[in-house]
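Numbering (this note's numbering), first residue to last: 118 to 255. Below is one structure; the comments refer to it alone.
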């Protein structure tokens, strides 16, 4: 009886681990939003960062999980851990910027150039995070 109980518990734990792993790495992407079809909230990178620094709760009500269209100067281009292109837009604060993870590569992005990027704002860590972004103006 004790052996069956232990095996049952282990089976539940293994199934739980497999379920969590599936939802983190393989969940369907068809539920993701397409911001290209949405009207974004127009804001500059500096104003977005300032809003989060001054009152994060208020900024979350304005921008969190909404399409935002951010205009700012490109300060860095990299790839994230998943290999997706990422663009950092400079703000007035040297330690806090807007980090935008793009859906696909955007050729022609030049450091120091002003661009407009539309994506979904997911909040503020040390940077304002924007995901599923597209470049709307170079």
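All C-beta atoms, glycine included, are put in the ideal place defined by N, C-alpha and C. Keep in mind that this is a model prediction, so the values were computed, not measured.
At a cut-off of 3 residues, the continuous stretches assigned as beta strand (DSSP E) that sit fully inside the stretch 165-197 are 184-196.
Membership of residue 206 in the beta strand (DSSP E) is indicated by the continuous run 202-206. When the five nearest sequence neighbours on each side are left out, the beta carbons in the same chain lying within less than 7 Å of the beta carbon of residue 173 are those of 241, in order along the chain. Residue 236 places its beta carbon less than 8 Å from that of residue 250. By the neighbour-count definition (other C-beta atoms within 10 Å, threshold 16), residue 141 is an exposed residue.
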